[in-house]
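Enquirer: Right, I'll just put the structure down here and ask away after.
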Ligand code: FES
């Protein structure tokens, strides 16, 4: 069984983890195509963001995820997982990446 989006097979997906390895409300950081990517599970689906906080470089993957917002563990800047926008100023965004689940494996595409 696959939860992949139609047409998503054209993207360069990389397997990062198995379903169940990321607890709800948490993230984990993986290296994908030379970038550090934070992958979060909100209890229903997965979201992938650039792991590097644009403030001072903390790992966003170690921050908590609540109601679609991840909070940086260093100084509490908050970012939406849907589009990577900083909650205090939407002009500042971190990159977001496509995620899919194929046969119980979480995959992220970093172009
Ligand atoms: S390093 Fe993320 S808020 Fe400061």
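In the numbering used here, the protein residues as written are -8 to 102. Ideal Cβ placement from N, Cα and C applies to all residues, glycine included.
1. With distances taken Cα to Cα, identify the nearest neighbour of residue 24 among 88, 92, 96 and 94.
2. Rounding to the nearest angstrom, what Cα-Cα distance links residue 1 and residue 93 in this structure?
3. Among the residues of its own chain, which have a CB less than 6 Å from the CB of residue 84, if the five just before and after it don't count?
4. Which value, in whole angstroms, describes the spacing of the CA atoms of residue 57 and residue 16?
5. State buried or exposed for residue 29, treating a residue as buried only when at least 16 other CB atoms are found within 10 Å of its CB.
6. Just verifying my parser: in three-state terms, what is the DSSP assignment at residue 27?
7. Under DSSP, the beta strand (DSSP E) around residue 100 begins and ends at which residues?
8. By Cβ distance, which residues of its chain are closer than 6 Å to residue 22, with the 5 residues on each side in sequence left out?
9. Which one of 7, 12 and 32 has the shortest CA to CA distance from residue 110?
Expert: Judging by the given coordinates:
1. In the chain shown, counting from the first residue as 1, residue 24 sits at position 33. Nearest in C-alpha terms to residue 24, of all of 88, 92, 96 and 94, is 88.
2. Looking up residue 1 in the chain shown gives position 10. Looking up residue 93 in the chain shown gives position 102. Each residue's Cα considered, the two are about 14 Å apart.
3. On the chain shown, position 93 is the one that residue 84 refers to. Excluding residues within five positions, the ones whose Cβ falls inside 6 Å are 75 and 76.
4. Position 66 of the chain shown, counting from 1, holds the residue named residue 57. Position 25 of the chain shown, counting from 1, holds the residue named residue 16. For residue 57 and residue 16, the distance between alpha carbons rounds to 6 Å.
5. One-based indexing of the chain shown puts residue 29 at position 38. Its Cβ being crowded by 16 or more others within 10 Å, residue 29 is buried.
6. Indexing the chain shown from 1 puts residue 27 at position 36. Note: residue 27 maps to strand in three-state DSSP.
7. Mapped onto the chain shown, residue 100 falls at position 109. Where residue 100 is concerned, the enclosing beta strand (DSSP E) stretches over 96 to 100.
8. For this step, residue 22 is matched to residue 31 along the chain shown. Answer for residue 22: no residue qualifies.
9. Since the first residue of the chain shown is -8 and the last is 102, residue 110 is not available in this structure.
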